[in-house]
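J.:
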Amino acid sequence: MEILQSAQYPEYLAFCEKMGAHFMQIPNWGQVKSGWESEILVQREAGEICAGVLLLRRKVGPFCLLYAPRGPVCDLEHLERLMEDVLRYAKKRHACCLKLDPHIPAEQQEYAAHLQALGFTQIPAGAMGNTQPKFVYQIQIAHRDAEQILQNFSPKTRYNVRVAGRKGVQIWRGGSERISKFYPLLVETGRRDGFVVRQMQYYENLLDQMGEYAQLFLAEYEGEPIAGAIAIWFGKHAWYLYGASSNAHRGAMPNYLMQYQMMLWAREKGCDIYDMRGISGDLSEDNPLYGLYRFKKGFGHRGGVGYIQELLGEYERPINRPAWACYRAALRVRKWYKKRLLKKFRQKGATAKQ
Numbered sequence: 019m020e021i022l023q024s025a026q027y028p029e030y031l032a033f034c035e036k037m038g039a040h041f042m043q044i045p046n047w048g049q050v051k052s053g054w055e056s057e058i059l060v061q062r063e064a065g066e067i068c069a070g071v072l073l074l075r076r077k078v079g080p081f082c083l084l085y086a087p088r089g090p091v092c093d094l095e096h097l098e099r100l101m102e103d104v105l106r107y108a109k110k111r112h113a114c115c116l117k118l119d120p121h122i123p124a125e126q127q128e129y130a131a132h133l134q135a136l137g138f139t140q141i142p143a144g145a146m147g148n149t150q151p152k153f154v155y156q157i158q159i160a161h162r163d164a165e166q167i168l169q170n171f172s173p174k175t176r177y178n179v180r181v182a183g184r185k186g187v188q189i190w191r192g193g194s195e196r197i198s199k200f201y202p203l204l205v206e207t208g209r210r211d212g213f214v215v216r217q218m219q220y221y222e223n224l225l226d227q228m229g230e231y232a233q234l235f236l237a238e239y240e241g242e243p244i245a246g247a248i249a250i251w252f253g254k255h256a257w258y259l260y261g262a263s264s265n266a267h268r269g270a271m272p273n274y275l276m277q278y279q280m281m282l283w284a285r286e287k288g289c290d291i292y293d294m295r296g297i298s299g300d301l302s303e304d305n306p307l308y309g310l311y312r313f314k315k316g317f318g319h320r321g322g323v324g325y326i327q328e329l330l331g332e333y334e335r336p337i338n339r340p341a342w343a344c345y346r347a348a349l350r351v352r353k354w355y356k357k358r359l360l361k362k363f364r365q366k367g368a369t370a371k372q
């Protein structure tokens, strides 16, 4: 096993692209998460990288937590040897637990069986998964021009795209220099939909660290920002990462035109898949999250281009069980506090509407 130095990151980046890795496994992502350090571990055959993993490391008292978001990056043939080396590394680092979230389809149960044989257990998924969603909605955009992409939308989605165009909604691209226009929309969305928003510096740092792989989109109506999104691309895959919209001018349908423009941007980058990310695994219409699925499904309605991809899910392997038990107890307290914070956040949003 080899721990890469920053000068070797371009080699690992090329390996990730060849393997179709998730963007959360490339070196840039290791610089995004504040409070976490990162290292990249690889194995070689005949001098070439054959397996690797980007590990995020966070201090937990005298111990640490290790997490491989959407990793590792390796095929089944190299999984066992890589994980054995990573577990040895985890012990040397005094880790209390190692968590994985493989970017692997759920039907590849042999991959899951190898993880279980190494002592990993699957973490039960909540409504939208755990740290990362277990169910995502993906759209095939390979070999399609702008009109073909539009024709694969549902009639209602196509209509809304055209409504936005007729009303004069304009879509702008930018980077961290425009984050001050995006962030208030995100805060407004968080209050409306009931989720806690990170500090603005996080999104600014994300755009800066991801560099050429990240793009900020802003939808403006009569010169006023009314919707925005952050998208990432890497290799043949693009992801819709964050989205936000104002309570004002919702009838202008900015999100529909913006998503269409994001898909065209993904094609410009040579991507074959546009990933709208998380949906619930429960597709019953009485599920509160069904509306999110319906919105995303509208962009892949025809021709079988849109589909639900279920991933293996999240796995954990305790390294120091007493330390891990203490950390999990602390997490329960944090979760309780976060619920209280979220309740206050929602109440503040409700008050603002009055």
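Residue numbers (my numbering): 19 to 372.
No residue lacks a Cβ here, since even glycine has one placed at the ideal position from N, Cα and C.
None of the values given here were measured: they were computed from a predicted structure.
(1) According to DSSP, simplified to helix, strand and coil, what is M146?
(2) With a threshold of 6 Å on Cβ separation, who are the neighbours of P45 within its own chain once the five nearest residues in sequence on each side are excluded?
(3) Could you name the residues of the same chain whose beta carbon sits closer than 6 Å to that of F138, not counting the 5 residues immediately before and after it, in chain order?
(4) Who are the Cβ neighbours of R62 in its own chain at under 8 Å, not counting the five residues just before and after it?
(5) For the stretch 246-262 against the stretch 225-234, are there 3 or more C-beta pairs whose distance is under 8 Å?
(6) Is it true that the stretch 309-317 meets the stretch 80-89, where meeting means three or more beta-carbon pairs spaced less than 8 Å apart?
(7) Give a yes or no on whether 8 Å exceeds the smallest Cβ distance from E303 to chain C.
(8) When you compare each of E57, K77 and H121 to V104 by their alpha carbons, which one comes out closest?
(9) Are the CB atoms of A262 and L203 nearer to each other than 8 Å?
(10) Which whole runs of the alpha helix (DSSP H) in the stretch 48-135 are 4 residues long or more, in chain order?
(11) Alpha carbon to alpha carbon, how far is M37 from P90?
(12) Look at R75 and E55 and say whether their C-beta atoms are less than 8 Å apart.
(13) By Cβ distance, which residues of its chain are closer than 8 Å to K51, with the 5 residues on each side in sequence left out?
(14) At which residue ranges does the stretch 294-349 contain complete alpha helix (DSSP H) runs of 4 or more residues, listed in the order of the chain?
(15) Go to E165, then tell me how far its alpha helix (DSSP H) extends in each direction, as first and last residue.
(16) Quick check on this structure: which residue in R106, L31, F200 and S298 has the alpha carbon closest to the alpha carbon of M228?
(17) Return the first residue and the last residue of the beta strand (DSSP E) that E238 is part of.
(18) Would you mind sorting A64 into buried or exposed? The rule is 16 or more other CB atoms within 10 Å of its CB.
(19) So is S24 buried or exposed if we call it buried at 16+ other beta carbons inside 10 Å?
(20) Quickly, what does DSSP pair Q219 with across the bridge? List them, please.
(21) What three-state label does DSSP hand S194 in the structure shown?
(22) For L330, does the count of other Cβ atoms within 10 angstroms reach 16, so buried, or fall short, so exposed?
(23) Buried or exposed for G147, going by 16 or more other Cβ atoms inside 10 Å?
(24) Find out if the Cβ-Cβ distance for the pair Q140, D119 is shorter than 8 Å.
(25) Does Q188 come out as helix, strand or coil in the three-state DSSP assignment?
(26) Mind reading off the beta-carbon distance from A270 to K185? Whole number of angstroms is fine, and I expect it under 8 Å.
(27) For the stretch 200-216 against the stretch 158-177, are there 3 or more C-beta pairs whose distance is under 8 Å?
(28) Restricting to Cα atoms, I'd like to know which of M42, K77 and L72 is closest to G53.
(29) Where does Y325 land, buried or exposed, given buried means 16+ other C-beta within 10 angstroms?
(30) Smallest Cα separation from S298: which of G70, Y258, R312 and Y292?
(31) From A113, A108 and V154, pick the residue whose C-alpha is nearest to that of A124; which is it?
(32) Please report how far the alpha carbon of M42 lies from the alpha carbon of D211, in whole angstroms.
(33) To the nearest angstrom, report how far apart Q277 and E195 are at their CA atoms.
(34) Per DSSP, which residues does P243 bridge with? Please list them.
T.: On the basis of the coordinates in this document:
(1) Annotation note: pLDDT 44 at M146 (below 50); position unreliable, coordinate value reported separately. Note: M146 maps to coil in three-state DSSP.
(2) Y27
(3) Y333 and R335
(4) E20 and C68
(5) yes
(6) no
(7) Any reference to chain C falls outside this structure, which holds one protein chain only.
(8) E57
(9) yes
(10) 94-110 and 127-135
(11) 11 Å
(12) yes
(13) L74
(14) 308-315
(15) A164 to Q169
(16) L31
(17) A232 to Y239
(18) exposed
(19) exposed
(20) DSSP lists no partner for Q219.
(21) helix
(22) buried
(23) In this predicted model, G147 has a pLDDT of only 48, less than 50, meaning its place in the structure is not dependable enough to derive any value.
(24) no
(25) strand
(26) 5 Å
(27) no
(28) K77
(29) exposed
(30) R312
(31) V154
(32) 25 Å
(33) 21 Å
(34) E238
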